[in-house]
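Asker: Chains as they are written, first to last, in the working numbering: chain A, 1 to 760; chain B, 1 to 760.
Number of protein chains: 2
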Amino acid sequence: MGMFKGQAKQAIGWTALAALGLGSAASAAPLLGFTDKSSEAERALEARFDAALSPSEIRERLKSMSSAPNQVGSPHDKANAEFVLSQFKAWGWDAHIEEFSVLYPTPKHEALELLGPAPFTATLTEPPMPGDATSANTAGALPAWLAFGGDGDVTAELVYVNYGMPDDYKALDRMGVSVKGKIVIVRYGGGWRGLKPKLAQEHGAVGCIIYSDPADDGYGAGDVYPKGAWRPERGIQRGSVLDMPIRAGDPLTPDVGATKDAPRIALADATTIMKIPAVPISYGDAQHFLAALGGEVAPKAWRGGLPLTYHVGGVGAQVHLSIQADWSQKPLYDVIATLKGRETPDQWVIRANHRDGWVYGAYDPLAGHSAMMEEAKSIGALAKTGWRPQRTIIYASWDGEEPGLLGSTEWAEQHAAELKAKAVLYINTDTNGRGFLGFDASYSARRLATQVAADVVDPETGESALRRAFAGIEARALAPEANDAARAEAKDVSRTREIPIGPMGSGSDYTPFVQHLGVASIDFSYRGEDEQGGIYHSAYDTFEHYDRFGDPGMVYGVAMAKTGGRLVLRAADAEIAPLSFTESADLIGENLDQLHKLVDVLRQRAEAQNRAVDDRALVLAADPSHHHTPPTKEDPAPNIDFGALDAAVAQLKISAAAFDAAAASEAGLKPEQRVKVNAILQGAEQALTDGRGLPGRPWYRHLIYAPGVLTGYGAKTLPGVREALESGRWSEAGDYVARTAQVISAQTALLDSATALLKP
Amino acid sequence: MGMFKGQAKQAIGWTALAALGLGSAASAAPLLGFTDKSSEAERALEARFDAALSPSEIRERLKSMSSAPNQVGSPHDKANAEFVLSQFKAWGWDAHIEEFSVLYPTPKHEALELLGPAPFTATLTEPPMPGDATSANTAGALPAWLAFGGDGDVTAELVYVNYGMPDDYKALDRMGVSVKGKIVIVRYGGGWRGLKPKLAQEHGAVGCIIYSDPADDGYGAGDVYPKGAWRPERGIQRGSVLDMPIRAGDPLTPDVGATKDAPRIALADATTIMKIPAVPISYGDAQHFLAALGGEVAPKAWRGGLPLTYHVGGVGAQVHLSIQADWSQKPLYDVIATLKGRETPDQWVIRANHRDGWVYGAYDPLAGHSAMMEEAKSIGALAKTGWRPQRTIIYASWDGEEPGLLGSTEWAEQHAAELKAKAVLYINTDTNGRGFLGFDASYSARRLATQVAADVVDPETGESALRRAFAGIEARALAPEANDAARAEAKDVSRTREIPIGPMGSGSDYTPFVQHLGVASIDFSYRGEDEQGGIYHSAYDTFEHYDRFGDPGMVYGVAMAKTGGRLVLRAADAEIAPLSFTESADLIGENLDQLHKLVDVLRQRAEAQNRAVDDRALVLAADPSHHHTPPTKEDPAPNIDFGALDAAVAQLKISAAAFDAAAASEAGLKPEQRVKVNAILQGAEQALTDGRGLPGRPWYRHLIYAPGVLTGYGAKTLPGVREALESGRWSEAGDYVARTAQVISAQTALLDSATALLKP
């Protein structure tokens, strides 16, 4: 999956940066975790690594792997696994396929009809596109499909609920419209797909239709395929609606690897499967349903790009929706390739990309996958010359990411103990295309990310990927439509001179590693110019489309391989694991500042609303010709005592600075001390987890970043506290202030012990 | 005309206000300019005034006056003038028609065609609407028409320039697209209509098409007529493109009344007429033209609600536009009705609304006009009982407002000397409908406006119009989409407890009075719920439409009459003219604060852009697959010395407070002193004008508020300074700091002399 988050990231008082040499490729500054001397050797190695990268091999591999539908259980997915395995082996890797057996529902029957006044049967399919040969190779392709929606056959009035997010239901309440017993139609966007049926069923709806509005990724975004890159009238966004904010992975094997004979719960007991039927449709289909809706005119912010007046419905459009899935087990084929470390083989650097798509999956995920394989090819070639990394390198090709991070999660659960003991860094990619290098990552990886970005040349400008990312950030802050976030990012970058690191939410395979196990992780891509949004998860995500719009010439494929390769090689070869904590402590400090502000904002908002309730302002301001249920008074946020967190963060900042300084100045560290320091660093991210997990979702253990319960992909920072505050659960917020302070202090203690080793 | 500005105005820590009694109708507090005793008598008079107001008479009058096309020169416009005259006379007013002869171009020939690739001839007409009898009465109706566009017959490629405002042309430059020798197509909105052809011709375009985008006032705004109120597919917005930001009124008789034998300049010398042909079209027509455009995809903010991808064009759409007008003189019929003042007949209170529409004009202007006549009827009835106002009251029914404020401007120019010597207050209305009371007014009228709003009952809520306006402001500040301006307005109202007063820009007949002559003026309407935006200036602005959507039952017509009547009666009867200066000085102070901030913002923006130019950020951030001309360096704002203005405003605040306090506490003022004080107040707004006028437009003499040269309707405050700053004319800004400080000090001196009279 991997997109629709962080797409809008990327612009510095640049002059200063240029002067510092941070923007120029291949600077001579020492690398994090390396000495001056070993930095030099590492850069020489990277030059050899680069030399073997071939855009045409990336392109050919992408073309063949995306030539047929390759979703979980498809013949081509298995063939791709075998091809990947053979390639790894040919390149000298110790590789095997690790198989799991997971619940993966496929369509047995689906139908969607508008019963009146102008009856219409939804097409639920995507016709082949002239000029796109791949799109005609439809044998075995999934129709319109939302994996892990419920089975059901329902007939009911239709209600339009905009993005189907919590505020949308509040607005609907104000209009006096209920979705109870109704089928909802929601548009993509505003939050993760899976929340749409989940919130719909929580509000009593009996079915859920999700459509792609042309304003968002169709003709409103640009010329549609095949004239341009954007979603054509019949394009459908498939996807998973598994309740991943609660737990990723096979719904029947929570917490354990879904091996053939793993203990399984009953289907009926699976908590992450939706109860109501849900289906995705194109805007060509949606127009018929939306045009039939009666009721009030939808609020201004709810109106999309179809040539009609959007109504909230509840009257006028009787709809029949019927879904039946085949709920059998399907096989997963994870391909795992290992290159054993020379010095500390029990320290692992893991690099992965998923392999399964929704249909052909050229952009999502095979562009990233093909670039990753190019890295493995080049590292294999280095190994053939006798070079070995200090740490063990593992390349993984995940299956079943699309339905619910299945391949990565089952593997991570299966190998949990070993990963906790050994994994130093998990490096993930997914989609990729023309544009700007962007990261979501563990905060301690910011320095590493910046240094790598400075050493990779952006193919379009010939400047470093770092400098181009900074230019993008600066340009966006200057644009007429710049918002506070854009300006804040430019300020941050101008102050820190580090590439921005988005906090890790979800949406790709790093989640089981960072969120569940506490393995420091990096996810990155090039993006922002690739125009792949309109074919996302559709049958038009083809090689032809990608080759024309996504990354012509595969030059960003090469840039991804250079970036991924450097991350892997530096993490595998550094004397001291290339993590740094000053930036990390700063970012946690910023997250805490935001919580302080959040409490004030929540209190002020509740007080203002309560005043308005008292003086009847919202009643008097309402247009009496429309229904208006005024809000009631709210419980304003009490004073939350952030003292423990404030103190913990303050101490972390001191200890982080001391560690980073000690690590930077170390020269003649004895090997056994280095091993001890590295062992400590290997556990530093895990220190930020709490085995009790987050409220209502113990699988998520990281207390600094998590996907939001009500955002799905988008990250919430200090989530235990933040989500409690946002939901008005004041005492829970207090509990998590204490727990979060504890994990921060645990990391502080680790850093102090490492510093003591470095400066005896 | 009168709309599309201030529509989005209308919310307070309400509890406090309610406690102060400000929100409750008919409070017993003394009225501004009255003593306790005379306040009581005045309120009794107003109760008698209210009793005679009849919604059914407002409705019948509206129905008959809007039954046929009534633009300038039409038979029904003349018949309406005679009807109005007869009514005034019947109600006991001393009334007459004052005739002028003005240049008013009407269509002789017009044609617009798309030549290829899919040829299409624009319809340029509006078919009758089922269920709307008036709309079928098309004899004599104007087709699609923009008065004062140039004659011409041109064939050229078409370029889409969004709203056609200065920033749009900058964006087009960045895309490497020029409009030189091209025809432009622009959408309504973003600035006044007349600026669109003006800026187009300044950029070298040879023709201009203006269309109504459905996102703004068609199906994107709500259900279209006749199902709902909004603009149907064939609806056309006519209008004037006279260069009114330079000068209003007849283009051939600048500065003098256009009497039959007034000196006239040659048509070729008229500077306020456009040089290129221009035509308005419906979105039904526009879709053909926009779909044909090639070139780059238009920037995100430029895309409207049609089901297509908006392109900037320059290639792909060859267009032929031909316009020929009849440039003969046409008669104007202003109806003037006078009720002589008992005590000071040479102090005039003027109340007016225009009478001419673009077609039937039910909403614009006859709803306001009919309410105004109801006031005159009731005041006439009071006069018949022997009551006489202290000051002279003049009611005026203006002709020719739509093409360029012709009737009001010619009358004001014709009577300029007398008006400068006698006019105390000019009270204007135009459109009216369901919703919230809102004012644009001279700052000194804020107290009066607040008191009147507190004494008029809002028909939908039964609370005062003031309280409802405050509730609206509070609600808007609480809405999810609330912006800084909405929150600032709520704060202002919560602090001042006064109804918001928008600064006077243009868009209706107050302009010649306040902007040119310096007569203190008020413009008000009820608005925000009337859904009249979609039929604005179209053939669907009919009685049927207005009666269904604009003001069913004409209850807001009555509210307008109560509001207008109170303003007139209080201004006419107050012992001391009901102007107050504390609020005025505060508002001028706020405007000055904004200028200080503006200079900082302009400087920071230029510096940031210059840094980005230096470090090539905008070059590096650009997508190389699109054309991108990066900006060049700008001259940052120097330090502007606002010392003279700061000092003048500080002194005005002191003198204003002293005057208001003295006026409030006066009790036994001798009649001859009162006459002197009133004479001073009569000139207080004029003190804020400078005979040399604003830069490049000497007709506009007010130095505190003016329509913006580049906004057209929207006001610019402290315009001499502000517009110089916004255009980077730094030395001119310095000049106008001095001039503006001078006029403020002149008002300060007048107030000091009046205070001296009050406190001898």
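Ideal Cβ placement from N, Cα and C applies to all residues, glycine included.
Is there a Cβ from chain A that is less than 9 Å from the Cβ of Val-224 of chain B?
Answerer: The residue given as residue 224 of chain B occupies position 224 in the second sequence. Yes, its Cβ sits closer than 9 Å to a Cβ of chain A.
Asker: What residues match up with Gln-594 of chain A in a beta bridge as DSSP calls it?
Answerer: Residue numbering aside, residue 594 of chain A sits at position 594 when the first sequence is read from its first letter. None, per the DSSP bridge assignment.
Asker: Can you tell me whether DSSP reads Val-456 of chain B as helix, strand or coil?
Answerer: Mapped onto the second sequence, residue 456 of chain B falls at position 456. Val-456 of chain B: coil per DSSP, three-state reduction.
Asker: My assumption, with CB atoms under 8 Å, is that Pro-403 of chain B sits in contact with Ala-147 of chain B. Please give the rounded CB distance.
Answerer: Within the second sequence, residue 403 of chain B is the residue found at index 403, counting from 1. Within the second sequence, residue 147 of chain B is the residue found at index 147, counting from 1. Indeed they touch by this definition, with Cβ atoms about 4 Å apart.
Asker: Check whether the Cβ atoms of Glu-481 of chain A and Ala-317 of chain A lie closer than 9 Å to each other.
Answerer: Here residue 481 of chain A corresponds to residue number 481 of the first sequence, with the count starting at 1. Here residue 317 of chain A corresponds to residue number 317 of the first sequence, with the count starting at 1. Not a contact, by the Cβ cut-off of 9 Å.
Asker: Looking at Leu-703 of chain B: is its Cβ nearer than 9 Å to the Cβ of Arg-739 of chain B?
Answerer: Locating residue 703 of chain B in the second sequence gives position 703, counting from the first residue. Locating residue 739 of chain B in the second sequence gives position 739, counting from the first residue. Yes, the Cβ-Cβ distance between Leu-703 of chain B and Arg-739 of chain B is below 9 Å.
Asker: At least one CB of chain A closer than 9 Å to the CB of Glu-498 of chain B: is that the case?
Answerer: The sequence position of residue 498 of chain B within the second sequence is 498, counting from 1. No, no contact with chain A.
Asker: Let's test the definition: count the other Cβ atoms within 10 Å of the Cβ of Val-359 of chain B and tell me whether it reaches 16, buried, or not, exposed.
Answerer: Locating residue 359 of chain B in the second sequence gives position 359, counting from the first residue. That one is buried.
Asker: Might you give, ordered along the chain, the residues of its own chain that have their beta carbon closer than 6 Å to the beta carbon of Ile-246 of chain A, omitting 5 neighbours on each side?
Answerer: Within the first sequence, numbered from 1, the residue matching residue 246 of chain A stands at position 246. Hits under 6 Å: Thr-272, Arg-697.
Asker: Beta carbons nearer than 8 Å to chain B: which residues of the region 74-93 of chain A have them?
Answerer: Taking 8 Å as the Cβ-Cβ cut-off against chain B, none of the residues of the region 74-93 of chain A qualify.
Asker: Do the region 134-148 of chain B and the region 106-119 of chain B make contact, defined as three or more Cβ pairs closer than 8 Å?
Answerer: Enough Cβ pairs lie closer than 8 Å, so yes.
Asker: If you follow the beta strand (DSSP E) that His-415 of chain A is in, where does it begin and where does it stop?
Answerer: By 1-based counting over the first sequence, the position of residue 415 of chain A is 415. First-last for His-415 of chain A: undefined, no H or E at that position.
Asker: Which residues of chain A have a Cβ atom closer than 7 Å to the Cβ of Glu-463 of chain B, listed in chain order?
Answerer: Walking along the second sequence from the start, residue 463 of chain B turns up at place 463. Ordered by position in chain A, the residues that pass the 7 Å Cβ test against Glu-463 of chain B are Leu-620.
Asker: So, for Glu-296 of chain A: in the same chain, excluding its five sequence neighbours on each side, which residues have a beta-carbon less than 8 Å away from its beta-carbon?
Answerer: Start at 1 with the first residue of the first sequence, and residue 296 of chain A comes out as number 296. If we look at Glu-296 of chain A and ignore the five residues flanking it on each side, its Cβ neighbours are Met-175, Val-177, His-311, Val-312, His-626, His-627.
Asker: Assign Ser-135 of chain B to one of three DSSP states: helix, strand, or coil.
Answerer: Here the question's residue 135 of chain B lines up with position 135 in the second sequence. Three-state DSSP puts Ser-135 of chain B in a helix.
Asker: Using only the alpha-carbon positions, how far apart do Lys-198 of chain B and Leu-290 of chain B sit?
Answerer: Numbered from its first residue, the second sequence carries residue 198 of chain B at position 198. Numbered from its first residue, the second sequence carries residue 290 of chain B at position 290. Roughly 21 Å separates the two Cα atoms.
Asker: Hey, does Phe-289 of chain B have any beta-carbon neighbour from chain A nearer than 9 Å?
Answerer: Residue 289 of chain B sits at position 289 when you count from the first residue of the second sequence. Phe-289 of chain B does not count as touching chain A.
Asker: By the DSSP assignment, the alpha helix (DSSP H) with Ala-47 of chain A in it spans what residues?
Answerer: In the first sequence, residue 47 of chain A corresponds to position 47, counting from 1. Segment 36-51, the alpha helix (DSSP H) holding Ala-47 of chain A.
Asker: Reducing DSSP to helix, strand and coil, say where Trp-767 of chain B ends up.
Answerer: Nothing can be reported for residue 767 of chain B: it is not among the residues displayed for chain B, which extend from 1 to 760.
Asker: By how many angstroms is the C-alpha of Leu-195 of chain A removed from the C-alpha of Gly-713 of chain A?
Answerer: Position 713 of the first sequence, counted from the first residue, corresponds to residue 713 of chain A. Position 195 of the first sequence, counted from the first residue, corresponds to residue 195 of chain A. Strictly speaking, residue 713 of chain A in this sequence is Tyr, with Gly absent from that position. Rounded to whole angstroms, Tyr-713 of chain A to Leu-195 of chain A spans 10 Å at the Cα level.
Asker: Measure the alpha-carbon distance for Ile-276 of chain A versus Val-279 of chain B and round it to whole angstroms.
Answerer: Counted from its first residue, the first sequence places residue 276 of chain A at position 276. Counted from its first residue, the second sequence places residue 279 of chain B at position 279. Rounded to whole angstroms, Ile-276 of chain A to Val-279 of chain B spans 54 Å at the Cα level.
Asker: At a CB-CB cut-off below 9 Å, which residues of chain A make contact with Asp-787 of chain B?
Answerer: What is shown of chain B runs 1 to 760, which leaves residue 787 of chain B out entirely.
Asker: For chain B, find out if any of its Cβ atoms is closer than 9 Å to the Cβ of Val-771 of chain A; answer yes or no.
Answerer: Given a span of 1 to 760 for chain A in the structure shown, any question on residue 771 of chain A remains unanswerable.
Asker: Under 9 Å between C-beta atoms, does Phe-100 of chain B make it to chain A?
Answerer: Here the question's residue 100 of chain B lines up with position 100 in the second sequence. False, the Cβ-Cβ gap to chain A never drops below 9 Å.
Asker: Quick one, which residues of the region 402-433 of chain A are near chain B if we go by CB-CB under 9 Å, in chain order?
Answerer: Result list empty, no residue passes.
Asker: CB Leu-567 of chain A to CB Ile-522 of chain A, shorter than 9 Å?
Answerer: Here residue 567 of chain A is taken as the residue at index 567 of the first sequence, counted from 1. Here residue 522 of chain A is taken as the residue at index 522 of the first sequence, counted from 1. The answer is yes: Cβ separation under 9 Å.
Asker: Express the C-alpha separation of Leu-718 of chain A and Leu-688 of chain B in angstroms, rounding to a whole number.
Answerer: Walking along the second sequence from the start, residue 688 of chain B turns up at place 688. Walking along the first sequence from the start, residue 718 of chain A turns up at place 718. Those two C-alpha atoms are separated by around 57 Å.
Asker: Count the CB pairs spanning the region 624-644 of chain B and the region 554-562 of chain B that are closer than 8 Å, and state whether there are at least three.
Answerer: As far as the Cβ criterion goes, the region 624-644 of chain B does not touch the region 554-562 of chain B, which means the pair count is below three.
Asker: Should Asn-483 of chain B go down as buried or exposed, given a rule of 16 or more other Cβ atoms within 10 Å for buried?
Answerer: Residue numbering aside, residue 483 of chain B sits at position 483 when the second sequence is read from its first letter. Exposed, because fewer than 16 other Cβ atoms sit within 10 Å of the Cβ of Asn-483 of chain B.
Asker: Give me the Cα-Cα distance between Glu-583 of chain B and Arg-447 of chain B, rounded to the nearest whole angstrom.
Answerer: Reading the second sequence from its first residue, position 583 is the one you call residue 583 of chain B. Reading the second sequence from its first residue, position 447 is the one you call residue 447 of chain B. The straight-line gap from Cα to Cα measures roughly 7 Å.
Asker: Would you check if there are 3 or more beta carbon pairs closer than 8 Å linking the region 449-456 of chain B to the region 595-607 of chain B?
Answerer: No contact exists between the region 449-456 of chain B and the region 595-607 of chain B.
Asker: Does the beta carbon of Leu-308 of chain B sit closer than 9 Å to a beta carbon anywhere in chain A?
Answerer: Locating residue 308 of chain B in the second sequence gives position 308, counting from the first residue. It does; some Cβ of chain A falls within 9 Å.
Asker: Give the range of the alpha helix (DSSP H) segment to which Pro-403 of chain B is assigned.
Answerer: Taking the second sequence and counting its residues from 1, one reaches residue 403 of chain B at position 403. Here the alpha helix (DSSP H) through Pro-403 of chain B covers 401-404.
Asker: Determine whether the beta carbon atoms of Leu-725 of chain B and Ala-367 of chain B lie at a separation below 9 Å.
Answerer: Locating residue 725 of chain B in the second sequence gives position 725, counting from the first residue. Locating residue 367 of chain B in the second sequence gives position 367, counting from the first residue. No, Cβ-Cβ distance for Leu-725 of chain B and Ala-367 of chain B is not below 9 Å.
Asker: For the candidate residues A:Phe-436, A:Ala-301, A:Asp-173, whose alpha-carbon lies nearest to that of His-203 of chain A?
Answerer: For this step, residue 203 of chain A is matched to residue 203 along the first sequence. When only C-alpha atoms are compared, the closest one is A:Asp-173.
Asker: On a CA-only basis, which of A:Ala-617, A:Ala-47, A:Ser-580, A:Gly-149 is nearest Asp-326 of chain A? Give me that one, please.
Answerer: Position 326 of the first sequence, counted from the start, is the residue given in the question as residue 326 of chain A. Cα-wise, what sits closest to Asp-326 of chain A is A:Gly-149.
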